[in-house]
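Residue numbers (the numbering used here), protein chains in the order written: chain A, 1 to 337; chain B, 1 to 326; chain C, 1 to 390. C-beta: ideal position from N, C-alpha, C; glycine also. Have a look at the structure below before the remarks.
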Amino acid sequence: MASKERTTVEQKIKEQLSVEEAKQILFDMIRIRELEEASAQQYSEGKIRGFLHLYIGEEPIAATILPLLKPQDQFFGTYREHAHALMKGITARSIMAEMFGKVEGCSKGRGGSMHIFDLSKSFYGGNAIVAGHLPLAIGMALANKMQKNDLISICFFGEGAIAEGEFHESMNMAKLWKLPVLFVCENNYYAMGTALERSESQTNLIEKAKSYKVEAKRVNGRNVAEIKEAAKQAIDFVRSEQQPYFLEAQTYRLVAHSMFDSQQYRSKEEVEYWKKHHDPIAEYIHQLKCLGWVNSNEIKEMQDKAKTEMDDAISYAQAGTTEDFQSCMQDVLIGEY
Amino acid sequence: MEKTTYRQALHDGLYDTLKSDPKTFLIGEDVGRYGGSYAVSKGMLQEFGEERIKDTPLSESVFTGLGIGAAMGGMHPIVEIMTCNFALLALDQITNNAGTLRHMSGGQITIPLVIRISTGAGRQLAAQHSHSWEGWFSHIPGIKIISPATVTDARYMLQAAVKDPNPVLLFEQAALYNMEGNLEDVREVDISKARVLKEGSDISFITYGASVYKCLEAAEELEKLKVSAEVIDLRSLRPLDMPTILTSVTKTHRALIVDEGWRSGSLSAEIAARISEECFYELDAPVLRVCSEEIPMPYAKELEQKSMPQTSSILQAAKESLHGGY
Amino acid sequence: MGDINFTMPTLGADMDFGIVAKWYIKPGDKVEKGQMVAEIETSKSDIEIESFYTGEVKELLVEEGVKVAVGTPIAVFDVAGVEHEEKVKVTKPVLETTAEKEKAVPALKVKEPVDHSALVITPRAKRLMAQNQVDIKQVQSLKQEGIISGEDISSLLQGEIATPKVTKAEERQQVIAKLMQKSKQTIPHFYLEKEMELAQMMEWLEGANKDRSMQDRYLPAIAFIKVLAMALVKYPRFNGIYKDGHFIASEKINIGLIISLREGGLIAPALEEVDKKTLGQLMTEFRDLVTRAREGKLKRTEMESSTICLTNLGDQGADKVYGVIYPPQVAIVGTGQITKKVIKQGDNFIETPTCNWTLSVDHRVTDGHEGSMLLNKIQKLLDNPTKWAE
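Structure below.
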């Protein structure tokens, strides 16, 4: 890689981030990675069941964007949402307990990995019907707008959701009704096993958003500074203009779609290439080291701290209890039913 | 007692609701400028403005989901889906979100949403516009299903539904919009209970919606034969008011369910099963059903009418039941 | 040229009626195809309607402000190239009534009631029978032939025989006829007869009734019942049932009294354990039984528990009666009216009360010898009232 390009990346970091901020994002990326690896391990030990979708390789997006929101801004995510939950302030304990199916989990163990909810953190899931949560996010945006509470809703989804009608209907209505919602498309190029070009006639995703006259921008999802700059702009725009915004973050999933995935749809070489050359955490560490903003000791310290946090979360989840079944019969409706 | 039509009663109920609850707003296809496909929201736009009477694009899934999201955000949206066949396009939102989120989030999410949907056959609208999907929707835990048969219920059910903190699907009976009736002197109705519209001692007719009137007519015919039929208007299709149903069947020992939906996997099947489960040893005849014929609804008038439950078929089934099902 | 009806158009699937809010045309006007001819008020909104014809307005059939059903002719146009069509004068809105709808709609196919001769017991009936230890043999299908419903059981349990309520006298008579036919066809009857002398009994009754009110007086019939019971204690082979080729003696002596109902038909409720009761008790029970029988308020047990029957036609004036055995019982005793007979006592002729007793017996169970002994025993008891009457 040309050194000129490298310099540009590092300059951008200096422009967009303070040292503290940059280190916090790195620490959060490491926490996310640690959480995901711990989850994978617990899954293989049978402690976590159901589907488990990991965020490894996509860490910079959640770690950079979510801290830019107001705590009360409402988040709507996909089933690949552990990282976002962690970034929205839900504790690793609560997330892990949820994945263990324990009542101590944020959704009382009723949701599992795909359905993390914590309204005290304005975290609205954890939605497992692809694109099914987009209408919820624009509805929330409408409620915010009608109540003039200066909040925005933010909705993450993968590029697979763009093939769904609900994406198009939501874009249309969000723009038509001028709804303050930030759409973030994490484009990891594979909808499960279907590559983007096999799924979309138009692979330029921001063109789709623009066709609805929605403001749109594309960023490199491995470039923290670029994400930060674009996301901040987008959030400010949505809040102040009371208009939707579409942000595409291009990224690459370094692991399988979920735990039962032999990855027939992409070559080992391809995955190896990305792991070796474009692991976003390695890249970011390298950039910060070049800037002299972190040293190996600090990184080791961060890793240890993250490991301790996740070990503690596992112990907590392990010690948790399953919800009483009578209690689980509650909350279907409010009142008698 | 004041006379009014079902349509006018729905209109007045909607007006009162919007007037009394500032968190409510109406969204749907052609609810505003057009005045509503069935004219229930006629004049509302002029009264309440575009902020609260919102015409949507033809995007049932998304505007339904938007209603759910807005309800989660503290509003009391009223979503109108023009007809229940279009509601299938919103089935994912109703099932996977409205019906699920509260429980799945461990009781954190509240969805005070009302979806108004017109339903039923009898208008020669053929196979894609004559469904009675309310039974199908009533399969879903986490939502309430109600359907007014009387003008009084048409007038006051919406207000009760809006006050309910749960997602409520209110199925308006397309066949009844022009029906005139006496508005009872009440100010509110309880949407959790079925109602005995006519007391009887020999057989229970369990029904709802437009079929209520066919049952009442059949009951009147039976009086001439000295047979006393009880007619129950279910009103709430989910949850079902089983105590009222069981009390009636325990009294009459015979049950006939009249449901405009198709027979297989229907609401009538559910009620019949529950009667068998919960008061089998009170029965003096098999639980019988009169449902729509299992064909896509034909257009031609006579064929359509033949396909649906009618007073004559109810009478015939009732006589069969009174003969012990033989 | 020809006349054509212009009808109230249907402007939507849910439009049933329309009101002609305003006519834009009047008779004599020329109309062009596509020309707006009227404003129609519907429940949704006001809509202008156009003519589908070119021609001349001959007549407006509906005034402004009148509500008519869709399809109702509202005007007559004279149109070129149309054959004459009979116009319909409209005086009031034509509404489709439910009755008409019904006519147009033949019933859905429903199973025809079929003849089902096997006995069906409904779930409710089964539960009631189990809970109350009711034997199916005790139950009659009263409401629907072939089906024992909960109502059949509950009326039995409520202590009311539903018979008078739901079955007509002729039907009841038919039931009895069938039963009697079966009895005569299957039971080999034999008959014995004896003229009983009642002097001792009547004398005793007179004494006993002297201080009694009319209400409390012992009737000769009650004495007969008691005497029969006491005789059966000694000769138990007449008291019981014949089942599966065997006689089963009954421990209790429950005497079924054949009672004719005013509206026709017979029933045979029982006085139970007659041998163990005093005349006073029996008298009370007897009066009660007859009253209730005629009111149709007998108890199930009373209807089903008799072990032998007694038919007393004395009050009706018959001299003797040969009863038909009530299956599965094995005997029936008949008594005629009490008459006076002149007999020679010593050197004198005196009048003495007598009564003909008959005995119908199932020959499969016993014979004439034993029957005679029973009758003799009865005479003996009649001669010694103090043995059974105190």
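Asked	Found
Range covered by the alpha helix (DSSP H) that runs through B:Phe48	Met44 to Phe48
Status (buried if at least 16 other CB within 10 Å, exposed otherwise) for C:Ala389	buried
CB-CB length for C:Met36 against C:Tyr53, believed under 8 Å	At roughly 13 Å, the Cβ-Cβ gap does not stay under 8 Å, so C:Met36 and C:Tyr53 are not in contact.
9 Å Cβ cutoff, A:Arg239 in contact with chain B	no
Short CB-CB distance (under 9 Å) between C:Gln140 and chain B	no
Distance, B:Lys224 Cα to C:Leu60 Cα	45 Å
Burial state of C:Gly34 (16 or more Cβ within 10 Å)	exposed
Buried or exposed by the 16-neighbour rule on C-beta atoms within 10 Å, applied to A:Asn204	exposed
Length-filtered (3 minimum) beta strand (DSSP E) runs lying within the stretch 235-279 of chain A	245-250
Cβ pair count under 8 Å reaching 3, the stretch 306-313 of chain B against the stretch 139-147 of chain B	no
For C:Leu266, the residue or residues it bridges with in DSSP	C:Ser260
Range covered by the alpha helix (DSSP H) that runs through A:Phe100	Premise fails: A:Phe100 is in no alpha helix (DSSP H) and is neither H nor E.
Presumed contact (8 Å Cβ cut-off) between C:Met196 and C:Cys355, rounded CB distance	5 Å
CA-to-CA distance, C:Thr42 to C:Lys67, given in whole angstroms	9 Å
Close Cβ partners of C:His363 (< 6 Å) along its chain, the five nearest in sequence each way excluded	Pro188 and Phe190
Cβ shell of C:His116 (< 6 Å), same chain only, five flanking positions each side left out	Note that C:His116 has pLDDT 37, beneath the 50 cutoff, so the model's placement of it is unreliable and the number below is only indicative. Gly146.
First through last residue of the alpha helix (DSSP H) which encompasses C:Val227	Pro220 to Lys234
Status (buried if at least 16 other CB within 10 Å, exposed otherwise) for C:Tyr326	buried
Residues that B:Ala174 bridges to, as DSSP identifies them	Paired residues: none, contrary to the question.
Minimum Cβ-Cβ distance from C:Gly150 to chain B less than 9 Å	yes
Within chain A, the residues that B:Pro243 reaches when beta carbons sit closer than 8 Å	Residues of chain A passing the Cβ test: none, with the nearest at roughly 12 Å.
Residue span of the alpha helix (DSSP H) that contains C:Val79, given as start and end	Not the alpha helix (DSSP H): C:Val79 falls in the beta strand (DSSP E), residues Pro73 to Val79.
Cβ contact check for the stretch 69-76 of chain B and the stretch 186-196 of chain A: 3 or more pairs under 8 Å	no
Cβ-Cβ distance between B:Ser236 and B:Lys193 below 9 Å	yes
Counterpart residues of A:Asn187 in DSSP-defined beta bridges	A:Gln250
Coarse secondary structure for A:Trp293, derived from DSSP in three states	coil
Touching by the beta-carbon criterion (3+ pairs, under 8 Å), the stretch 244-260 of chain B and the stretch 152-165 of chain B	no
Nonlocal neighbours in the same chain, by C-beta distance under 6 Å from B:Pro298, ignoring five residues either side	Glu304
Contact with chain C by B:Leu283, beta-carbon distance below 9 Å	yes
B:Trp262 beta carbon less than 9 Å from that of B:Glu294	yes
Rounded separation between A:Pro71 and A:Ala83 - CA only	16 Å
Assigned exposure category for A:Tyr284 - 16 Cβ within 10 Å defines buried	buried
Exposure of C:Val62, with buried meaning 16 or more beta-carbon neighbours within 10 Å	buried
Contacting residues, own chain, Cβ-Cβ under 7 Å from A:Lys305 (five flanking each side not counted)	none
Alpha-carbon spacing of C:Met373 relative to C:Asn239, whole angstroms	14 Å
B:Arg187 burial status per 10 Å Cβ neighbour count (16 or more: buried)	exposed
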